[in-house]
Every structure is written in C-alpha cells, then in structure tokens.
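Chemist: I have a structure here, written as structure tokens, and I will follow up with some questions on it.
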Amino acid sequence: MATFEPALFARINKPDSASLKTYQADGGYSRLKEFLSMAPGDVTNIVKDSGLRGRGGAGFPTGLKWTFLPKDYPGPIYLAVNADESEPGTFNNRYLMELDPHQLIEGIILACHAIRSQKAYLYLRYEYGTSYRVLDAAIRECRAAGILGTNILGTGVSCDIILHRGAGAYICGEETGLIESLEGKRAWPRIKPPFPAIEGLFRKPTIVNNVETLCCVTQILYRGTAWFKSMGVPADPNNPRDPGSYGPKLYCVSGHVNQPCCVELPLGVTARQLIEEHAGGVWKGRRAKAVVPGGISMGFLSASELDTPLDFAGPGKVGCLGLGTAAVVVVDDQTSMVDVLYNCCRFMSHESCGQCTPCREGTAWMTKILERIRTGQGRTEDLDLLMEVAGSMGIIPGTTICGLSDGAAWPVKNAISKFRSEFEDYIRSRKASVTSAQQLMAVH
Amino acid sequence: MATVTINGKDVEIGSNERLNCIQAAAKVGVEIPAYCWHPALSVVASCRMCLVEVGDKKPDGTVAMQPKLVPGCQTPVKDGTVIIADSQKVKDARKATLEYLLLNHPLDCPTCDQAGECYLQDYSFNYGRGYSRLNEPKNIKPDKDYIGDQITLFTDRCIMCTRCVRFTREVSGSAELQVVSRGSHEEIDIFPGHPVNNPLAGNVVDLCPVGALCSKDFLYQQRVWWLKSTNSVCQGCSTGCSVTVDQNEDKVYRLKPRVNEMAQGHFMCDEGRFGWKYTHSEERLNVPKIVSNGHSTSQSWEDVLGSVRSSLQKAAAGKQKIAAVLSPWMTVEEAWLLATWIRSLSPQAVLAVGPVRVSGTDEHFPRDLRGNVIEPVKFTIRAEKCPNRAGVQAVAAHFMSDLMPFEELLRLASSGQFSAVYLTGGDPQGWISEMQAEALSDVETVIVQDFLPSPVLQHATHILPSGTFVEREGIVVNHRGLAQLIRRAVRGPDGSRPDSRILWELSGRKGLFQSESLRAEIAAAVPALAGLTHPDLKSTGVLLESAQQVTI
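So the protein sequences, as listed, match chains A and B. 10 is the number of the first residue of the first sequence in this note's numbering; add one for each residue after it. 147 is the number of the first residue of the second sequence in this note's numbering; add one for each residue after it.
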C-alpha cells in the first residue's frame with residue numbers, strides 16, 4: 010500500500026492544478042494526437058481490456074457499454090458526462106472537476122473519439138458552482154489551444170463539450186433521467202429498452218459515463234492496461250459473471266471521523282483501513298457502529314463487517330447492494346440507527362421523481378412510519394411492515410423504471426435486519442428523538 | 147402466426163398485430179389491470195399495476211421465465227411468449243401497488259362522481275387488500291376547481307397515471323396539463339393562465355381512471371349506476387363519433403365516446419360532448435298543428451296526418467309539382483320513407499337535400515400552440531356540421547339523377563312552381579333564414595317536420611313536431627361512408643313523435659316502424675346502400691363502398 014502512487018489525484022496538490030499549463034507540464038495532452046490517430050475501435054479495445062468498470066455506482070464495464078452503440082451508425086452520437094454527483098456522501102467528482110479539469114476533458118475527448126461522437130454534454134449538478142467556473146475556464150482554454158473544437162490538433166477529429174448545469178435533483182443522476190433533463194424535460198427516467206446506447210439524448214445513440222470513469226480512461230491510455238490491471242481485485246474464478254475490480258478508486262470518507270477525506274486507493278481496500286489509516290479514526294474516541302460502503306442506497310456494514318474489501322463485489326457479500334459510489338459514511342456508536350434510517354428515507358422520499366407508484370408512495374410511507382417511531386409512537390409490528398413495504402418496492406431486480414426504488418428500499422431492509430434489536434429497543438423504550446408536530450400543536 | 151401462452155391458455159396472434167401483454171391477455175379474456183396504459187396514448191409504464199411474469203418458450207419446449215416482474219403494457223408479445231398473470235408473485239405485486247395508490251386517496255366514494263365506474267374501486271375489489279395499514283395522516287392536496295371551463299380537478303383523488311397530461315400533449319397538442327412537485331407531493335396542474343379549454347378538453351375526464359378529473363356539466367347530477375347507456379352516433383359533425391348516450395328516466399345526462407377505430411378512435415370533441423342540450427330545450431315543438439287562413443289550430447296527430455296526406459294527394463293531382471326536402475339530419479330510413487312516399491304520390495315530385503351547414507374548415511389534432519397541425523393526425527372535427535349528408539344524398543340520388551340544390555328549390559318555390567313542399571329540419575342551430583323562408587310564402591301547402599321553431603313555421607300549413615337523435619333509430623353515414631346505427635335512448639316530450647313513426651304512418655305502412663326490415667328494403671333497392679344489412683352495422687358500423695348485401 011505504501012508503494013501506491015495516486016494517478017487520478019497526481020496533480021491535485023500542485024499549485025494552479027486546474028490550469029492547462031500545469032496539466033501540460035505534467036505530460037497532459039502530450040499523446041492526445043497519437044491517440045486520436047488510432048482507430049476508434051482500438052481505443053475501445055484498450056478500455057475494454059483494462060477491465061474498467063463505471064465509477065458512477067452500477068459498475069458496468071465501460072468498454073462493453075461503448076460497444077452497444079449501433080454499428081456503422083451515421084451519427085450523430087452523443088456522450089453525456091454524468092457530473093450530477095448527488096448520492097449523499099459522495100464528492101470525488103467534485104475533486105476531479107475543481108482541481109484537475111483537464112484530465113476529465115482529455116478523457117471526454119478520448120471517449121468521444123472511441124464512440125465516434127463529436128459532441129459531449131457535461132451535466133453538472135447545480136450546486137457545484139466552483140466546478141462550473143473551473144470547467145468553463147478549462148473548456149475555453151482548450152478551445153483556444155485547439156484541443157477542443159473542429160480538427161483537434163490537426164488530427165481531423167472534432168469534439169466539443171457543452172457544459173450544462175442541472176437544477177438540483179437526485180434523479181438527474183440516473184442516466185435516462187439525466188437525458189430527459191438535458192432535453193429540457195422533467196427528469197423522469199425513461200422505460201428501457203431502448204437503452205441510451207440505442208436511443209438516448211435527442212433520440213440519438215448516447216453513452217452516459219461518470220466523471221471518474223472518464224478520468225480513468227485518460228490514465229488507462231497514458232499508463233496502459235497492464236498498469237491499470239496491476240491494482241484491484243481480480244475476477245472471482247468461481248463466478249463467471251464477475252468481471253473483477255481493477256484500477257484505482259476515489260473513496261470519499263465522511264461522517265463521524267476525525268478527518269473526512271477523498272482518497273485515491275486501489276480497489277479492494279477495507280472500510281477499517283479507510284477509517285483508521287486515512288480518515289484519522291472515528292471521532293471523539295468512539296467506535297463505528299455502522300458504515301455505509303458507497304452511498305446510502307447501498308445499505309450498511311455493521312461493526313463486525315468493517316474488514317470487507319470495498320471492491321465491486323465485496324459489499325454484496327455482506328448484504329449490501331454493492332460498492333455504489335464508494336462514499337463511505339461512518340456512523341458512530343452514539344447515534345441511533347432509527348435516526349440514521351429516517352434520514353435516508355426522508356432523502357429518498359424527497360428525491361423520488363414520483364413516476365412509479367411503489368417508489369412515490371412507498372418512500373413517503375416508510376418516512377412517515379419512521380417519523381412516527383421517532384416520536385415514540387412506534388409499534389414492533391411496524392418493523393415487519395417496513396420490511397414488507399421495502400420488499401414490495403423492489404429488490405434488485407426491481408419493480409420500477411429506475412433503481413431509485415431499490416436504492417430506497419435497501420437501506421431499510423439492511424438496517425432493520427442488521428440492527429433489529431436496536432430498533433426494537435427503541436420502540437419498546439417509547440423514547441422520542443423528536444416531538445411530533447401534533448404534540449407541538451397541542452402545547453401551543 | 148405467433149402463439150402466446152397466457153395463464154396456460156394459448157392464443158394465436160396475427161402476424162401484423164403488434165400487441166402488448168395486456169392486449170394479448172384480453173384476447174383470451176384475462177384481465178391484466180392497468181391505470182397508466184391507454185391504447186391511444188404513449189406507454190409510460192409508471193403505475194406498475196400491470197406487472198406480470200413473462201418468459202419465453204424455447205424450441206425444445208422448456209420455458210425460461212425472466213427473474214423479475216415486468217410491466218405488461220411495455221412488453222410486446224412474440225411467438226413463444228409465456229405470460230403468467232395469476233401467480234402469487236403477481237397477485238402480491240398488485241396488492242402492494244393498490245395499497246400504495248390508496249395510501250393518500252381519500253375515502254370519499256359516497257360523494258365522488260366516478261364511484262361505480264372507478265378503476266380504483268374495481269381493482270381494489272378484484273385484486274386489493276381491502277384495508278389500509280397506513281397509521282399516519284394522509285397527504286392532503288388542494289382541489290383545483292378551475293382547470294378548465296368544463297373540468298374540475300379533485301387533486302387528492304389523483305393517482306398520477308398522467309393519462310390526462312399525455313392526452314393534452316399527444317392528442318390535442320395543447321399541452322396545458324403538467325405534473326408539478328415531486329414524489330408523493332406530486333400534483334396535476336395547469337400552466338398558470340392556460341386552462342384546459344381546447345376543443346377536445348372533455349376527454350381528459352373520460353381518460354381519468356379515478357374521480358380526479360370531473361366534468362362540471364355532469365358533476366353531482368347522477369350516480370352512474372342509475373344511468374342506462376345506449377349506443378349512438380354523435381350528430382355534431384360528419385366525423386360521426388361513436389358515442390354512448392347515458393340517460394335516466396328519459397333525461398340525457400351525458401354523452402361519452404365509444405371506442406370505434408372505424409369511426410373516430412377513442413375520443414370525441416367538446417362540441418359534440420355537450421352539444422345534445424337542445425334535446426331538452428324548453429322551445430321544443432310538442433303540438434301537431436294545422437294552420438289555415440292564418441289561424442293555427444292544435445289537433446290530434448291522426449287529424450293532422452290525415453290532413454297532410456289529403457293535402458299532398460290533392461296537390462299531386464294538380465298541374466303543379468310537389469317537392470320534398472330531405473334534411474341531412476335525417477336517418478337513411480327516414481329519408482327513404484319520405485322519398486318513396488312522395489314519389490308514390492307523384493312520380494315527378496322534386497327531391498332536394500336540405501342545407502348542409504359548413505363552419506370554417508376541418509380542425510385536425512394534434513395542433514401545436516401556433517395552430518400548426520402535427521402529423522400524424524389523431525382526431526378531426528369536421529367543418530360539415532351534419533351527421534348524414536352522405537346517406538341522405540345516396541337516397542335522393544336513387545330517385546333523381548341530378549340533385550337539386552336547396553337554393554334552387556326555394557327559387558322555384560318562390561316562382562310558383564310547387565303546390566306543396568314537405569320540409570324536414572333537424573339542425574338545432576337553425577337551417578333556414580327568414581329571407582329563405584319567404585320563398586315559401588305563396589306555396590299552398592307547406593308541411594314542416596322539425597323539433598325546434600324556425601322562421602319557416604310562419605309559412606307552414608302543417609307543423610309536425612319530430613324527435614331529436616336520442617329519440618330516434620336509424621342509420622347515419624359519415625364523411626368516409628361509414629354507416630352507423632343510432633338507437634333510441636329516451637322518449638321525446640309528449641306531443642312529439644320520432645320522424646320515422648310520422649313518415650311510416652303517412653306512407654300508409656302497416657303496424658309499427660321496423661327499421662330492420664326497412665333497411666333490407668333499402669339495401670335491395672339501392673346498390674350504394676347494399677351494406678345496410680351487414681351484421682357489423684350494430685357494432686362498429688359498415689363501410690358502404692366495400693360492403694356487400696348480406697341476406698339475413
């Protein structure tokens with residue numbers, strides 16, 4: 010571990026790291042001309058061979074996704090860059106965009122070349138004002154330097170980036186929701202099939218990739234697939250459907266730790282290592298009760314599961330949904346899981362787009378039940394009801410159009426099954442962490 | 147041919163049919179419940195009510211089922227598709243979805259217009275749980291009394307199927323409705339200052355599977371289980387929308403479109419939907435009269451009809467011609483009765499088709515906000531505002547090779563060419579002006595058969611109060627030659643008689659008016675109307691050009 014040298018974060022501590030000059034001084038764009046003269050299929054094959062999996066949450070193999078585009082399609086084909094980083098606890102894209110935008114831009118140009126697209130839409134969440142200004146300046150610098158636009162560096166390849174700011178909704182991070190939002194519509198995820206690679210933005214074939222994924226593309230092309238594959242967790246030979254977890258990953262550690270941080274490490278590091286070695290341990294000398302492995306929709310690791318390797322397959326082996334965005338949120342032993350779960354549910358019910366019945370009503374119902382439990386009005390049978398509601402809302406594979414419903418149901422099932430005795434104690438004690446609105450009304 | 151298996155039953159699907167699971171299941175009588183799916187609107191698959199298990203039958207006979215439930219509306223069937231719609235998994239999913247839909251739905255069925263024809267009630271009864279486990283307060287959303295001149299929205303009853311939103315975007319094109327807010331606080335609303343007042347607005351009430359969108363015209367008028375429905379055809383324009391007339395105790399309460407792909411599809415326009423009110427007008431003629439020397443005397447039907455018969459016989463025997471005007475509002479049978487009778491009195495009798503009201507140009511939908519029509523056209527309100535020009539012309543053409551224009555008939559009447567004219571009206575918005583009526587002032591016998599007063603009455607010698615379309619039975623032929631049956635839904639006011647009965651008696655036929663035998667007579671005599679005996683006439687209607695006479 011000590012020998013690990015950050016690649017994605019190689020420049021973030023340099024002065025003026027966001028400028029074209031710094032990036033170029035570090036060798037950035039130096040081989041762009043060479044890569045753009047390769048056949049697009051060759052670029053795709055390099056990415057495919059590297060075993061790169063999407064960093065946005067689902068972990069779908071990136072190179073494979075690119076091959077889903079219709080063959081010999083005359084165009085246009087679009088690349089949509091998903092920078093609507095809104096999973097709670099996730100802030101790795103923000104580091105990449107604010108501190109090293111050119112790495113991302115080079116990745117976008119390379120990905121566009123691979124998928125024969127001449128236009129990339131960068132969908133940036135509205136709250137990232139600094140990212141917007143930095144990216145905007147970087148894109149202008151590139152246009153002025155001939156790195157973006159028509160006939161990039163004389164290679165005959167053209168590519169431009171359109172920076173689009175969202176209006177603030179979690180669901181815009183779902184790839185078809187993002188596409189709808191880009192088209193100027195309400196971000197209601199589309200029914201699939203057709204998948205975006207066949208019919209996406211403006212009804213044209215579209216590839217949606219996460220910011221970190223595209224930064225990895227840059228690194229893979231410069232450093233080679235062997236470098237990328239030298240890190241991570243190889244595929245499980247007993248599971249033919251496991252493509253393995255290779256390469257570096259940005260882990261965001263937040264919550265009840267001494268030093269919340271975003272740190273680049275090879276895939277497969279454990280939650281305990283992250284907390285102890287990189288985040289300065291749990292705060293106030295307490296111990297971790299639960300750890301979210303990758304965004305709240307993935308569920309929780311209990312204190313005994315902290316040595317689970319955080320690769321794409323690891324969290325799934327202990328009942329979590331997956332690695333997600335690798336946003337590790339630490340919950341200390343003084344915090345009630347009822348409150349934690351309530352917070353998750355409230356977020357999900359606020360962010361449910363409201364299209365599918367189970368998600369629209371289920372998220373709100375679970376929130377109401379937990380709200381009642383928190384006012385001391387809970388009944389033990391509420392836990393079974395919560396489990397049943399979460400069950401009918403969806404288990405991957407889900408019963409709704411997009412994955413939000415699954416992601417909303419999973420932490421509920423996970424928390425109640427792993428911390429059931431705590432929930433029961435809470436309900437039996439009839440303690441209230443909050444006062445209900447009705448009680449407040451009665452007082453006044 | 148493709149074979150699809152639904153709950154173990156095989157059904158053959160034609161090679162040109164593109165069906166989803168719901169439609170394929172309906173073929174074998176299996177209902178897959180759905181809210182958001184509607185055959186005339188785009189698929190959103192958001193209500194999740196139609197979740198079913200779907201699989202494929204492999205060539206070796208084994209069945210590979212998909213691991214998850216899929217929405218039946220979104221899943222096309224192909225050869226070998228296996229649908230399971232009655233497994234415990236499917237039943238549990240439906241039960242859960244219904245519980246979700248009812249969480250925030252008020253229990254106000256006793257005061258809700260939709261009760262009795264509500265899909266929430268029906269599906270809850272068939273597939274639901276029967277009680278709610280919600281212990282918390284329901285979300286309360288404000289009702290929106292005014293979202294259109296004819297439409298009101300009970301926001302709390304809405305289940306967010308978005309059929310209405312899609313209708314205004316995809317069929318009317320006017321896009322007034324939208325979804326606002328998010329999650330369980332979502333509501334349907336209009337864009338401020340743009341109410342749903344497009345010419346097709348009323349359809350959103352029919353589309354609403356629950357009682358959220360209600361028609362102000364029908365609101366709190368009747369419980370729907372009191373209503374009796376009769377199949378009929380809208381008389382508003384020559385599109386001839388298939389409709390049902392809903393009535394109780396001889397009072398019509400509403401018209402609803404009846405699905406007929408041959409006629410108009412699924413919808414109807416507001417002009418037709420609310421255009422039946424004249425039927426219960428206070429002005430309705432309800433006393434048969436004979437007018438002589440400026441004195442109008444009310445008489446019994448027998449006396450008036452006797453007088454009509456003798457006056458016309460006398461006129462026919464004279465030197466001058468007699469004439470009859472066949473209104474484009476008559477049914478084919480009525481036109482035939484009048485034409486044959488007049489011609490039997492005088493073989494030289496002149497027949498003219500009454501005035502065809504044309505208003506503006508055909509209005510096609512969807513139209514964008516600038517009024518440009520968007521292809522493909524999904525609905526048309528026609529400029530020709532009468533239901534049966536084609537049918538009446540076909541009858542008239544059988545008797546006269548050159549059809550005399552109505553204006554020409556009036557010109558001849560004013561120059562004293564006719565001794566008697568038999569006029570039929572039927573256009574509730576008026577069909578003759580005072581000046582036109584003046585042309586008949588010197589005609590000796592003017593018989594007017596109509597249900598509303600018009601300027602021509604002052605020159606009439608005989609007034610025969612007739613019936614509106616809800617009181618009559620017969621055939622109307624629309625703009626593309628589709629013959630459809632209108633049926634009698636209510637009895638007319640005392641003193642009036644359906645046109646067919648008046649003409650049946652005048653022409654001296656025995657017994658009561660029999661439309662079926664009359665249609666056989668017409669079909670045999672007029673090749674263009676040979677299709678009138680086709681059995682499809684009673685359901686979808688018959689395209690006359692292609693139909694052959696069928697002997698029953």
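Don't be surprised by glycine CBs; every beta carbon is placed ideally from N, CA and C.
Name the two residues that bound the continuous alpha helix (DSSP H) containing His173/A.
Modeler: Unbroken run through His173/A is the beta strand (DSSP E), Asp169 to Arg174; no alpha helix (DSSP H).
Chemist: Whole angstroms are fine: how far does the CA of Gly253/A sit from the CA of Arg232/A?
Modeler: Looking at the two C-alpha atoms, the distance is approximately 19 Å.
Chemist: Cutting at 7 Å between CB atoms, please list the residues of its own chain near Thr444/A, excluding the five before and the five after it.
Modeler: The residues are Thr384.
Chemist: Determine contact between the segment 320 to 340 of chain A and the segment 91 to 105 of chain A, defined as no fewer than three beta-carbon pairs at a distance below 8 Å.
Modeler: Because the criterion of three Cβ pairs below 8 Å is met, the segment 320 to 340 of chain A and the segment 91 to 105 of chain A touch.
Chemist: Do you know offhand how far Leu683/B's Cα is from Arg404/B's?
Modeler: Distance between the alpha carbons of Leu683/B and Arg404/B is about 15 Å.
Chemist: Please state the DSSP three-state secondary structure of Thr444/A.
Modeler: Here Thr444/A sits in coil by DSSP.
Chemist: Measure from the C-beta of Ile698/B to each C-beta in chain A and report whether the shortest distance is under 8 Å.
Modeler: A caution first: Ile698/B carries a pLDDT of 46, below 50, which makes its placement in the model unreliable, though a value can still be read off. No, Ile698/B does not count as interfacial toward chain A.
Chemist: For Ile171/A versus Lys128/A, is the C-beta spacing smaller than 8 Å?
Modeler: It is a contact, given that the beta carbons lie within the stated cut-off.
Chemist: Helix, strand or coil: which one does DSSP assign to Ser320/B?
Modeler: Coil, per DSSP.
Chemist: Please state the DSSP three-state secondary structure of Leu244/B.
Modeler: The answer is helix: DSSP assigns Leu244/B an H, G or I state.
Chemist: Identify whether His510/B lies in helix, strand or coil by the three-state DSSP scheme.
Modeler: If DSSP states are grouped into helix, strand and coil, His510/B belongs with the strands.
Chemist: Is the shortest distance between the beta-carbon of Trp292/A and the beta-carbons of chain B less than 8 Å?
Modeler: No, Trp292/A does not count as interfacial toward chain B.
Chemist: Which residues, taken in chain order from the segment 187 to 202 of chain B, show a beta carbon closer than 9 Å to some beta carbon of chain A?
Modeler: Of all residues in the segment 187 to 202 of chain B, Val189, Val190, Ala191, Ser192, Cys193, Arg194, Met195 and Leu197 have a Cβ within less than 9 Å of some Cβ in chain A.
Chemist: Just verifying my parser: in three-state terms, what is the DSSP assignment at Asp93/A?
Modeler: Here Asp93/A sits in coil by DSSP.
Chemist: Ordered along the chain, which non-local residues of its own chain (more than five positions away) have a Cβ less than 7 Å from that of Thr221/B?
Modeler: Once the five neighbours on either side are set aside, the close Cβ partners of Thr221/B are Asn166, Cys167 and Val200.
Chemist: On the criterion of 16 or more Cβ atoms from any shown chain inside 10 Å, does Gln234/B qualify as buried, or is it exposed?
Modeler: Answer is exposed; the Cβ neighbour count stays below 16.
Chemist: Since Ala418/A is in the alpha helix (DSSP H), which residue starts that stretch and which ends it?
Modeler: Per DSSP, Ala418/A belongs to the alpha helix (DSSP H) from Leu413 to Lys427.
Chemist: Between Glu316/B and chain A, is the shortest Cβ-Cβ distance under 8 Å, so that the two count as touching?
Modeler: Judged by the 8 Å Cβ criterion, Glu316/B is not in contact with chain A.
Chemist: Would you say Thr384/A faces chain B, with C-beta separation under 8 Å as the test?
Modeler: By this cut-off, Thr384/A is not an interface position.
Chemist: Going along the chain, which residues of its own chain have a beta-carbon closer than 6 Å to the beta-carbon of Thr607/B, five neighbours each way excluded?
Modeler: Val437, Thr591 and Val592, listed in sequence order.
Chemist: Identify every run of the beta strand (DSSP E) within the segment 175 to 258 of chain A, keeping only runs that are complete inside it and at least 3 residues long; order them along the chain.
Modeler: Listed in chain order, the complete beta strand (DSSP E) runs (minimum 3 residues) inside the segment 175 to 258 of chain A are 215 to 219.
Chemist: Closest by CA to Ser345/A, which one among Gly68/A, Leu330/A, Val220/A and Leu379/A?
Modeler: Nearest of Gly68/A, Leu330/A, Val220/A and Leu379/A to Ser345/A, Cα basis: Leu379/A.
Chemist: Quick check on DSSP: helix, strand or coil for His331/B?
Modeler: Helix at His331/B.
Chemist: Can you grab the Cα-Cα spacing for the pair Ile698/B / Phe659/B, in whole Å?
Modeler: With a pLDDT of 46 at Ile698/B, under the threshold of 50, the predicted position of this residue should be treated as unreliable, and no value is reported.
Chemist: Would you kindly report the start and end of the unbroken alpha helix (DSSP H) that includes Glu360/A?
Modeler: Note, Glu360/A: alpha helix (DSSP H), Met346 to Glu360.
Chemist: Can you tell me which of Val325/B, Val311/B, Arg309/B and Thr298/B puts its alpha carbon nearest to the alpha carbon of Asp363/B?
Modeler: With distances taken between Cα atoms, Asp363/B lies closest to Thr298/B.
Chemist: Listing by chain order, which chain B residues have their CB less than 7 Å from the CB of Pro203/A?
Modeler: Result: empty, since nearest Cβ-Cβ is about 11 Å, beyond 7 Å.
Chemist: Strictly by DSSP, which residues pair up with Met550/B?
Modeler: BP columns for Met550/B point to Ala498/B.
Chemist: Indicate whether Asp238/B and Asn153/B have their beta-carbon atoms separated by less than 8 Å.
Modeler: The answer is no: Cβ separation not under 8 Å.
Chemist: When DSSP labels each residue in this structure, what does Thr159/A get in the three-state scheme?
Modeler: Three-state DSSP puts Thr159/A in coil, outside helix and strand.
Chemist: Quick one: list the residues of chain B neighbouring Lys377/A, beta-carbon separation under 7 Å, in chain order.
Modeler: By Cβ distance, chain B contributes Glu282.
Chemist: Can you tell which of Arg309/B, Glu619/B and Leu556/B has the C-alpha that lies nearest to the C-alpha of Gly638/B?
Modeler: Here the closest residue by C-alpha is Glu619/B.
Chemist: Give me, in chain order, the residues of the same chain whose beta-carbon lies closer than 7 Å to that of Thr159/A; leave out the 5 immediate sequence neighbours on both sides.
Modeler: Closer than 7 Å at Cβ, skipping near neighbours: Ser167.
Chemist: Nearest by alpha-carbon distance to Lys402/B: which of Asp302/B, Asn349/B, Lys435/B and Ser384/B is it?
Modeler: Minimum Cα distance to Lys402/B is reached at Asn349/B.
Chemist: Return the residue from the list Lys377/A, Gly72/A and Ala418/A that minimises the CA-CA distance to Asn250/B.
Modeler: For Asn250/B, the nearest C-alpha among the options comes from Lys377/A.
Chemist: Does Ile632/B come out as helix, strand or coil in the three-state DSSP assignment?
Modeler: If DSSP states are grouped into helix, strand and coil, Ile632/B belongs with the strands.
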